[in-house]
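Colleague:
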Amino acid sequence: MPTESTDDYDHLYVTEERRTLAEAPGLRVRILGLSQSQNVPWHTHSEITDTFFCMEGPMEIHMLEPKEAVLLQPGGSYSVEPQRPHFVQGETGGACRFMVVQGVGTYDYLPLKP
Numbered sequence: 509m510p511t512e513s514t515d516d517y518d519h520l521y522v523t524e525e526r527r528t529l530a531e532a533p534g535l536r537v538r539i540l541g542l543s544q545s546q547n548v549p550w551h552t553h554s555e556i557t558d559t560f561f562c563m564e565g566p567m568e569i570h571m572l573e574p575k576e577a578v579l580l581q582p583g584g585s586y587s588v589e590p591q592r593p594h595f596v597q598g599e600t601g602g603a604c605r606f607m608v609v610q611g612v613g614t615y616d617y618l619p620l621k622p
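Quick note: the sequence shown uses this note's numbering, first residue 509, plus one each step.
Have a look at this one:
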């Protein structure tokens, strides 16, 4: 059953929706919904890969090292490897909703300065 998150990092940015669908040591599955002008700010993770599945969108994933941008339509997916800086938003700042599978490893959220 989905649960509301109590993640220590959730206070760092605002989302329209944030639910944890499943969680086990080293792995978790969440749904995030972003309203217009909301985003997941630039950050990285030490160990985990973020695999994004666009449910409603389109959505943009911007990355550094190397610089790249991916546009996902509903049904599309993309993985961001550990330690790669990334930023997520709806296309041109619009709304989107996505599932993210985070693992395998210890979760952390390391914010980057803009």
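Ideal placement from N, C-alpha and C gives every residue a C-beta, glycine not left out.
For clarity, every value in this text was computed on a predicted model and none was experimentally measured.
Am I right that G613 and E555 are in contact with their C-beta atoms under 8 angstroms? What's the rounded C-beta distance?
Modeller: In the sequence shown, residue 613 corresponds to position 105, counting from 1. In the sequence shown, residue 555 corresponds to position 47, counting from 1. At roughly 3 angstroms, the Cβ-Cβ gap stays under 8 angstroms, so G613 and E555 are in contact.
Colleague: Suppose only complete runs of 3+ residues qualify. What are the beta strand (DSSP E) ranges in the segment 562-603, listed by chain order?
Modeller: You should have 567-571, 576-580, 585-588 and 594-598.
Colleague: Take the Cβ of T514 as the centre, count every other Cβ of all protein chains shown within 10 Å, and call the residue buried at 16 or more, exposed below.
Modeller: Within the sequence shown, numbered from 1, the residue matching residue 514 stands at position 6. Unreliable positioning characterises T514 in this predicted model, as indicated by a pLDDT of 46, which lies under 50. The coordinate reading is nonetheless provided below. When all chains shown are included, T514 counts as exposed.
Colleague: Would DSSP call H551 helix, strand or coil?
Modeller: Counting from one through the sequence shown, the residue named residue 551 turns up at place 43. Three-state result, H551: strand.
Colleague: At what residues does the beta strand (DSSP E) containing V537 begin and finish?
Modeller: If you number the sequence shown from 1, residue 537 lands on position 29. Looking at the DSSP string, the run of the beta strand (DSSP E) that includes V537 is L535 to L542.
Colleague: Given a threshold of 16 other Cβ atoms within 10 Å of its Cβ, counted over all protein chains shown, does T552 qualify as buried or as exposed?
Modeller: Reading the sequence shown from its first residue, position 44 is the one you call residue 552. Buried, since its Cβ has 16 or more Cβ neighbours within 10 Å.
Colleague: Leaving out the 5 sequence neighbours to the left and right, which residues in its chain are closer than 6 angstroms to Q544 when beta-carbon positions are compared?
Modeller: Here the question's residue 544 lines up with position 36 in the sequence shown. So the list reads G602 and A603, once near-sequence residues are dropped.
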